[in-house]
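> Submitted below is the structure of interest, expressed as structure tokens.
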Amino acid sequence: MEKSRGLYRSREHRLVAGVAGGLAERFGVPVWLMRVLWLLLLLPGGLPGLVPYIILWILIPEEPES
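Numbering-wise, the sequence shown is residues 168 to 233 according to the numbering used here.
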């Protein structure tokens, strides 16, 4: 079964909240690459990566159970 093209927090590729995994699935990039991008945003003091991550964690719904 093909996954929906909607944006959801991933249940399968989750380390914290599934935000990076969900974005990777939605845009068709490897999960590790999305995690590296978030890590790079966290390096200059945390806020450029942490604040958007928390906002997306709140706004993006969790992937429905299949």
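For glycine and all other residues, C-beta sits at the position ideal for the given N, C-alpha and C.
A quick note: this is a predicted structure, and the numbers were derived from the prediction, not measured.
Which term fits isoleucine 227, buried or exposed, when burial requires 16 or more other beta carbons within 10 angstroms of its beta carbon?
It is buried - the Cβ of isoleucine 227 has at least 16 other Cβ atoms within 10 Å.
> Mapping DSSP to helix, strand and coil, what is isoleucine 178?
The residue you asked about is not isoleucine; residue 178 is arginine in the sequence shown. Looking at arginine 178 - three-state DSSP - the assignment turns out to be coil, as it is neither helix nor strand.
> Tell me the rounded alpha-carbon separation between leucine 182 and glycine 188.
Roughly 8 Å separates the two Cα atoms.
> Among Leu174, Gly213, Leu206, which residue has its Cα nearest to the Cα of glycine 195?
Ranking Leu174, Gly213, Leu206 by Cα distance to glycine 195 puts Leu174 first.
> What span of residues does the alpha helix (DSSP H) with valine 196 cover, start to end?
Per DSSP, valine 196 belongs to no alpha helix (DSSP H) and is neither H nor E.
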